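One structure is given here, and the rest of the page talks about it.
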Amino acid sequence: MTNLYEREDAYIPRVAAIHDLCGYGKCSLGVAIPVLSAAGCDVCPVPTGLFSSHTAFPGWYMHDTTDILGDYLAAWAGIGVELDAVYSGFLGAPEQVDVIKQVWETYPKALRVVDPVMADHGKVYPTYTPELVEAMGTLANGADILTPNLTEAAIILGREWQGADVDEPTVREMILELRERGAKNVVLKGIEHGDGLIHNYVWGDAIDFTETTNAKLPYMLHGTGDVFASTLLAAVMAGRDLAEATAFAADFTADAMLISAKQPNFEDRGVSFEPLLGKVTALLG
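Quick note, the sequence shown lines up with residues 0 to 284 if you use numbering that gives the first Met the number 0.
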């Protein structure tokens, strides 16, 4: 099993987090910045959109930042910013995929982590056009680590949504097809087998086919995918292999969901991960 990032003792790795910024309802940059910072990373945000709240709330406002991203990133190049990883999530327009690919070209040695945030439970998010969905699929093909949920994987592969309960041979087939398209390592999240568990599977160039499991909780929360992907990357940047990183992310997300259920209006406000950030920092020990 191969580590995708070798952490040097005193060095603080720099991660570009290319996500939206959401004012209320914890997700995207509101998760990525604190989680990766807790893992001793220098997080450099690239906001793909500004949201008043996550889109499960009525009346949300979005500002698309596509027009500023070229100048924003050119200014980084002008002052010699270096990156160790490029982590992308929710995107606001298909042109932003081209922006990310340009970042990849500018920083060819940086780890490419793609969380193709665009759908869940068989439905595409309301801000995603067919053009953006198609463009996201091309981005997924270039990932060193790709972290789709089952809906997103089905969309990328052009498969019909069959629900969350799929068998292991189907999981293997889907991951293999994603790898054949160009993703080097795939973490497929949120599979159910009717056994009261949530299964996550990881397979790729750096790892043999591996499974993690956690108890299925009787509620869903917005932002769990962002927590999972951010904590997985945090573990990778702390020098953990993909099996350890996937298990850590799954356990952390499950623990955060348990804490969330103790908060008022928890089903709206998002995942309460803050009390657990010490576990992320402990990865450096």
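Built from N, CA and C at the ideal position, the CB exists for glycine as well.
Remember, predicted model here, so these are calculated numbers, not experimental data.
- Would you report the Cα separation of VAL170 and ILE190, rounded to the nearest angstrom? Within the sequence shown, the letter at position 171 stands for residue 170. Within the sequence shown, the letter at position 191 stands for residue 190. Taking the straight line from one Cα to the other gives about 9 Å.
**Item:** Strand pairing of GLY88, partner residues [DSSP]
**Value:** Looking up residue 88 in the sequence shown gives position 89. Answer is none; GLY88 lacks a bridge partner.
### Message
According to DSSP, LYS25 sits in a beta bridge with which residue or residues?
### Response
Within the sequence shown, numbered from 1, the residue matching residue 25 stands at position 26. Partner(s): GLY269.
**Message:** For a cutoff of 8 Å on Cβ pairs, would you count VAL34 as touching chain B?
**Reply:** The structure shown has no chain B; it contains just one protein chain.
For the region 16 to 31 and the region 203 to 219, state whether three or more C-beta atom pairs, one from each stretch, are separated by less than 8 Å. no
**Study point:** For TYR86 and SER186, believed in contact at Cβ under 8 Å, the rounded distance
**Key:** Counted from its first residue, the sequence shown places residue 186 at position 187. Counted from its first residue, the sequence shown places residue 86 at position 87. Checking the sequence, you will find Val at residue 186 rather than Ser. With a contact defined as Cβ atoms closer than 8 Å, VAL186 and TYR86 miss out at about 13 Å.
message = Quick check: what's the CA-CA separation for HIS198 versus ASP250?
response = To locate residue 198, count along the sequence shown from 1; it is residue 199. To locate residue 250, count along the sequence shown from 1; it is residue 251. Using only the alpha carbons, I get a separation of about 11 Å.
Open item on the list: What does the Cβ neighbour count give for LEU241, buried or exposed, with the cut at 16 atoms within 10 Å?
Closed with: Here residue 241 refers to the residue found at position 242 of the sequence shown. Buried: at least 16 other Cβ atoms inside 10 Å.
Q. Taking the DSSP output, what are the residues bridged to THR209?
A. Looking up residue 209 in the sequence shown gives position 210. Paired residues: VAL201.
Nearest to PRO274 by CA position, among CYS26, VAL34 and ALA16, is which residue? Your numbering for residue 274 matches position 275 in the sequence shown. Of the candidates CYS26, VAL34 and ALA16, the one whose C-alpha sits nearest the C-alpha of PRO274 is VAL34.
Out of ALA237, THR211, ASN184 and THR212, which has the shortest C-alpha to C-alpha gap to ASP204?
-> Taking the sequence shown and counting its residues from 1, the one referred to as residue 204 is at position 205. ASP204 has its Cα closest to that of ASN184, out of ALA237, THR211, ASN184 and THR212.
Below 8 Å between beta carbons: does that hold for GLU94 and THR65? As a position in the sequence shown, residue 94 is number 95, starting the count at 1. As a position in the sequence shown, residue 65 is number 66, starting the count at 1. Going by C-beta atoms, GLU94 is nearer than 8 Å to THR65.
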